[in-house]
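Notes follow the structure.
Chains as they are written, first to last, in the numbering used here: chain Y, 11 to 121; chain H, 6 to 357.
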């Protein structure tokens with residue numbers, strides 16, 4: 011077993027989660043595969059959304075996977091970075107909007 | 006990293022094909038992590054691989070090239086002197102006349118740098134080959150005054166031009182093919198368009214080859230073609246007919262890159278995971294024969310670069326005998342996973 015919490019080679023073992031719970035694992039992968047098919051959104055658009063979310067949830071496996079997926083689809087590095095910024099903006103916005111709560115509380119407590 | 010010399014010139018360990026084959030047969034393929042290509046074929050009764058009807062004769066007229074691409078499986082470059090003689094070309098022409106192959110595919114290096122290239126094309130054209138392909142790297146057209154008229158020469162002989170363009174962005178193309186290659190390629194494509202190539206009305210076919218500029222597999226060929234067509238037309242006014250999406254095979258310079266960048270294992274896992282038995286039915290070694298610059302015969306261009314001559318009593322074009330060659334077993338190793346991943350990969354693009 012690795013001495014690190016994250017091991018890059020674990021990503022390629024992802025499908026092995028079905029070994030300990032076949033039904034749930036298979037249902038997950040079926041759902042996952044369906045989600046990323048072409049639909050109202052293109053597979054290319056979904057790949058960029060996945061890349062942004064991967065950064066927001068700070069999943070190193072997902073970042074590796076969707077950087078590679080984007081390169082395979084011919085997505086440029088500029089497009090990838092813009093997607094990461096979109097995720098980062100929402101995440102920082104989510105922090106900052108709580109500033110209103112802080113202001114409300116401050117005002118309420120103040121004489 | 007950009008390379009300026011062939012592995013051979015640099016005395017790189019991987020310039021010895023035995024070292025490449027040893028690497029591809031060891032490690033993750035002997036410790037039980039991954040199945041060998043043979044095991045995969047056996048698992049669905051496809052071993053041994055046998056040739057079908059010969060359709061394509063692919064001739065490598067020499068390893069000399071004006072470019073030194075980072076992924077090149079030929080290890081081609083200006084320092085490579087291996088070149089096909091007119092005598093060997095004459096032997097090839099005799100074979101072309103006698104076989105039912107409908108396609109003659111000329112490759113290199115930069116095939117145009119062979120001093121007898123034009124003579125060979127004229128002779129092959131006179132025989133009436135149905136599909137006469139020249140794999141042109143594009144930049145050769147601008148490399149020297151003597152090549153400037155190549156678009157007209159191609160047109161005159163109704164050559165099917167097939168050219169590499171790994172991406173529509175300058176950085177990704179130049180990283181793989183060398184500084185300045187993207188701009189020159191666009192200029193050359195415009196010259197080809199100018200004489201009618203890429204115009205559906207002209208009948209002059211200009212196909213592009215996309216291969217990933219890094220350690221990842223190609224995406225869907227049709228989707229990539231749509232993106233390339235849209236962006237090349239909008240940004241540069243360039244038109245072409247079809248896009249062939251090719252997988253980089255883990256040999257030669259690309260293998261060197263995979264090892265140096267510590268991507269080798271992940272890449273091999275990706276190839277094996279993407280193994281598609283349906284692609285195995287249509288791999289190019291089953292309908293193509295590859296001829297080396299010295300007239301030696303190979304199952305494919307990749308086996309040629311690994312020095313794996315056909316497993317048959319005949320191994321040279323001078324002794325060509327279709328019946329004997331059709332009876333051979335195709336030589337395989339783990340690099341073959343590159344042709345069976347996903348939609349499959351061949352010099353004509355996806356195979357499924």
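Ideal Cβ positions, reconstructed from N, Cα and C, are used throughout, including at glycine.
Query, Result
"State the start and end residues of the unbroken alpha helix (DSSP H) segment that holds residue 236 of chain H.", "226-241"
"Please go through the same chain and pick out, in chain order, the residues whose beta-carbon is closer than 6 Å to the beta-carbon of residue 282 of chain H, but skip the five residues on each side of it.", "49"
"Roughly how many whole angstroms lie between the Cα atoms of residue 209 of chain H and residue 66 of chain H?", "23 Å"
"So residue 65 of chain H is in the beta strand (DSSP E); what residue range does that whole segment cover?", "61-65"
"For residue 78 of chain Y, return the contacting residues in chain H, with the cut-off set at a CB-CB distance below 7 Å.", "221"
"Tell me the rounded alpha-carbon separation between residue 80 of chain H and residue 257 of chain H.", "6 Å"
"Note down, in chain order, every chain Y residue with its Cβ under 7 Å from the Cβ of residue 152 of chain H.", "Going along chain Y, no residue has its Cβ under 7 Å from residue 152 of chain H, so there is no contact; the nearest lies around 30 Å."
"Buried or exposed, going by whether 16 or more other CB atoms sit within 10 Å of the CB of residue 117 of chain H?", "buried"
"Along the chain, which unbroken stretches of the beta strand (DSSP E) at least 3 residues long are found entirely within the segment 286-311 of chain H?", "293-296"
"Residues of chain Y with CB closer than 7 Å to the CB of residue 3 of chain H, please, in chain order.", "Residue 3 of chain H is absent from the structure shown; chain H starts at 6 and stops at 357."
"Between residue 81 of chain Y and chain H, is the shortest Cβ-Cβ distance under 7 Å, so that the two count as touching?", "yes"
"So what's residue 52 of chain H in DSSP terms, helix, strand or just coil?", "coil"
"By a C-beta neighbour count over all protein chains shown, 10 Å radius and 16 as the cutoff for buried, is residue 92 of chain Y buried or exposed?", "exposed"
"Quick one: list the residues of chain Y neighbouring residue 255 of chain H, beta-carbon separation under 9 Å, in chain order.", "Result: empty, since nearest Cβ-Cβ is about 16 Å, beyond 9 Å."
"Using the C-alpha atoms, what's the distance from residue 267 of chain H back to residue 27 of chain Y?", "26 Å"
"Does residue 103 of chain Y come out as helix, strand or coil in the three-state DSSP assignment?", "helix"
"Would you say residue 6 of chain H faces chain Y, with C-beta separation under 7 Å as the test?", "Bear in mind that a pLDDT of 48 at residue 6 of chain H, under 50, signals an unreliable position, so the number given afterwards is only what the model happens to contain. Chain Y contact via Cβ: absent."
"Quick one: is the Cβ of residue 117 of chain Y within less than 6 Å of any heavy atom of the ligand SAM?", "Looking at this structure, you won't find the ligand SAM or any other ligand, since it has none at all."
"Is the Cβ of residue 232 of chain H closer than 7 Å to any Cβ of chain Y?", "yes"
"Going by Cα to Cα distance, which pick from H/243, H/265 and H/126 is closest to residue 170 of chain H?", "H/243"
"In or out: residue 67 of chain Y buried (at least 16 other Cβ within 10 Å) or exposed?", "exposed"
"Using a Cβ cut-off of 9 Å, which residues of the segment 250-284 of chain H contact any Cβ in chain Y, in chain order?", "270, 271, 274, 275 and 278"
"Taking only beta-carbon atoms, is residue 35 of chain H less than 7 Å away from chain Y?", "no"
"Counting only the same chain and skipping the five closest in sequence on each side, list residues whose C-beta sits under 7 Å from that of residue 119 of chain H.", "66, 67, 88 and 89"
"Go ahead and pull the three-state DSSP assignment for residue 94 of chain H.", "helix"
"Determine the contact status of residue 287 of chain H and residue 214 of chain H, defining contact as a CB-CB distance below 7 Å.", "no"
"Return the first residue and the last residue of the beta strand (DSSP E) that residue 104 of chain H is part of.", "Per DSSP, residue 104 of chain H belongs to no beta strand (DSSP E) and is neither H nor E."
"Around the C-beta of residue 16 of chain Y, are 16 or more other C-beta atoms found within 10 angstroms, so that it is buried, or is it exposed?", "exposed"
"If you measure from the beta carbon of residue 48 of chain H to each beta carbon in chain Y, is any gap under 7 Å?", "no"
"In angstroms with no decimal places, state the Cα-to-Cα distance between residue 17 of chain H and residue 130 of chain H.", "39 Å"
"Enumerate in chain order the residues of its own chain whose CB-to-CB distance from residue 186 of chain H is below 7 Å, with the five nearest sequence positions on each side excluded.", "72, 144, 178 and 179"
"Can residue 156 of chain H and residue 200 of chain H be called in contact, C-beta distance under 7 Å?", "yes"
"Report the three-state DSSP secondary structure of residue 153 of chain H (helix, strand or coil).", "coil"
"Could you have a look at residue 86 of chain Y and say whether DSSP puts it in helix, strand or coil?", "coil"
"Alpha carbon to alpha carbon, how far is residue 219 of chain H from residue 263 of chain H?", "9 Å"
"For residue 224 of chain H, return the contacting residues in chain Y, with the cut-off set at a CB-CB distance below 8 Å.", "82, 83 and 84"
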